[in-house]
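S.K.: Sharing a structure, written as structure tokens. Questions coming.
Residue numbers (the working numbering): 1295 to 1602.
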């Protein structure tokens, strides 16, 4: 039976998480009510009133009692994100503003296989297009489920599709993947499915590796470059020291941090520039720089009008 379970949580905002570019199966149903799909699990969650993320507020988890632990782990509720917020250096005005703007963001614990495919898809795609592609893969190759949910209007049945397993997705030909508007990424996904099914991409091994080991391992597979590997590490393996660099992050680094050490950076080749800038300005957040990456990425989306 699906229950409505209340929990008091600080530093969590569902809209901010949904708009932070880490989850593509989190959908707004109504104001403050979202659905979330992860693996074989479905949740509807309602955020209570309040704008101060530092203060505890009520969240209603609409799920079976035995599912609650899964979702507590998914939202990383075992960690106090106030520690990360309060560690931001006051003299870094840009990061301070970003952390305040995105103080409801948490790094989700998501399925590694889904993150491998999702962030291969993400290359040169907007967030809405990534969502569409992930949903298309799930509807065409995932498992159909029905879940009874109890909301303010009573019980209703929700039909949803889990993300396809390697075995399920390996049934798709490269041509069929291209028909889902995956373009050149189809050949990467097709090969990764074969690698996973045949054991070359060992997902259990991947989850046991350190951040550095996981980066090396992921980089050995066709279609996975440094940025995608870092996204998989941060959002699929919870290596929160990972700091993915896409074009948005490059632009932020150049606009907000380049001038601070311009003489040094002018002498660096582009291949080394961004990593040097990250080390200089985010190296003090050792072990959790990826949280800071999420703050600045989300903040830039807000500033550019990509988040309402």
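All residues carry an ideal CB built from backbone N, CA and C; glycine is no exception. All values derive from a computational prediction rather than experimental measurement.
Note down the Cα distance separating residue 1311 from residue 1298, rounded to an integer number of angstroms.
M.R.: If you take the alpha carbons of residue 1311 and residue 1298, they lie about 21 angstroms apart.
S.K.: Let me confirm a value: residue 1412 is counted as buried when at least 16 other C-beta atoms fall within 10 Å, else exposed. Which label applies?
M.R.: Looking at its Cβ environment, which holds 16 or more other Cβ atoms inside 10 Å, residue 1412 is buried.
S.K.: Going residue by residue through the segment 1357-1412, where are the continuous alpha helix (DSSP H) segments of at least 4 residues, counting only ones entirely within it?
M.R.: Runs found: 1362-1368, 1375-1380, 1387-1395.
S.K.: Quick check on this structure: which residue in 1564, 1569, 1537 has the alpha carbon closest to the alpha carbon of residue 1583?
M.R.: 1537
S.K.: Give every residue of the same chain whose Cβ lies closer than 7 angstroms to the Cβ of residue 1567, excluding the five residues on either side of it in the sequence, and list them in chain order.
M.R.: If the five residues before and after residue 1567 are omitted, its C-beta is found closer than 7 angstroms to the C-beta atoms of 1559, all from its own chain and listed in chain order.
S.K.: Would you call the CB atoms of residue 1521 and residue 1539 closer than 7 angstroms?
M.R.: With respect to residue 1539, residue 1521 sits close: the two C-beta atoms are nearer than 7 angstroms.
S.K.: Which residue's Cα is closest to the Cα of residue 1424: 1316, 1372, 1467, 1306?
M.R.: The residue with the shortest Cα to Cα distance from residue 1424 is 1316.
S.K.: Buried or exposed for residue 1578, going by 16 or more other Cβ atoms inside 10 Å?
M.R.: It is exposed - the Cβ of residue 1578 has fewer than 16 other Cβ atoms within 10 Å.
S.K.: Taking all protein chains shown into account, decide if residue 1344 is buried (16 or more other Cβ within 10 angstroms of its Cβ) or exposed.
M.R.: exposed
S.K.: Measure from the alpha carbon of residue 1597 to the alpha carbon of each residue in 1391, 1572, 1420, 1444, then state which is nearest.
M.R.: 1391
S.K.: Rounded C-beta distance between residue 1464 and residue 1428? I'm assuming under 8 angstroms.
M.R.: Wrong, their Cβ atoms sit about 17 angstroms apart, outside the cutoff.
S.K.: Runs of 4 residues minimum, wholly inside the segment 1453-1480: which ones carry the alpha helix (DSSP H) assignment?
M.R.: Those alpha helix (DSSP H) runs which fall completely within the segment 1453-1480 and span 4+ residues are 1460-1463, 1468-1471.
S.K.: When you compare only the Cα positions, how much space is there between residue 1486 and residue 1350?
M.R.: 42 angstroms
S.K.: Which partner residues does residue 1302 have in the DSSP bridge list?
M.R.: 1352
S.K.: If you draw a straight line from the C-alpha of residue 1549 to the C-alpha of residue 1461, how long is it?
M.R.: 44 angstroms
S.K.: On the three-state DSSP scale, how would you describe residue 1596?
M.R.: helix
S.K.: Are there three or more Cβ pairs, one per stretch, closer than 8 angstroms when the segment 1326-1335 is compared with the segment 1404-1411?
M.R.: yes
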